[in-house]
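Number 26 in the UniProt record's numbering belongs to position 26 of the sequence shown; there are no gaps in the numbering.
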Amino acid sequence: MAELVRTVNFAETFAALRLGESVEFSVAEFTESSVRANASRYCKGKNIKLSVSALRGTGVIKVTRKS
Numbered sequence: 001m002a003e004l005v006r007t008v009n010f011a012e013t014f015a016a017l018r019l020g021e022s023v024e025f026s027v028a029e030f031t032e033s034s035v036r037a038n039a040s041r042y043c044k045g046k047n048i049k050l051s052v053s054a055l056r057g058t059g060v061i062k063v064t065r066k067s
């Protein structure tokens, strides 16, 4: 049986966020550390702050643009 793999362009996703907006990723598809690493890489050298949070039991990783 083939496994469906979803690809996400994190840079485009983060660039589309406006101040105060957020995007959610499923922990079934991505690890918290991979989302944090991509958010950190995206913010480097830019005047942008992204907050990454994962609440246990929800199965969701949330990225919010703070500035």
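For each residue, glycine too, the CB sits at the ideal point set by N, CA and C. All of these numbers come straight from a predicted model, not from anything done at the bench.
Any idea if N47 is buried or exposed, counting beta-carbon neighbours within 10 angstroms, 16 or more meaning buried? The residue you call residue 47 lines up with position 47 of the sequence shown. With fewer than 16 other Cβ atoms within 10 Å, it is exposed.
Which partner residues does F25 have in the DSSP bridge list? Looking up residue 25 in the sequence shown gives position 25. Paired residues: I61.
Locate the beta strand (DSSP E) running through S67, then write down its first and last residues. The residue you call residue 67 lines up with position 67 of the sequence shown. S67 -> no beta strand (DSSP E), and no H or E assigned at all.
Report all residues from its chain with a CB closer than 6 Å to the CB of Y42; omit the five preceding and five following residues, and keep chain order. What you label residue 42 is simply residue 42 of the sequence shown in a count that begins at 1. Excluding positions up to five away in sequence, the list reads A11, F14.
Counting C-beta neighbours from all protein chains within 10 Å, is the total for R18 16 or more, i.e. buried, or is it exposed? As a first step, residue 18 is located in the sequence shown; it is residue number 18 there, counting from the start. The residue in question, R18, is exposed, as its Cβ has fewer than 16 Cβ neighbours within 10 Å.
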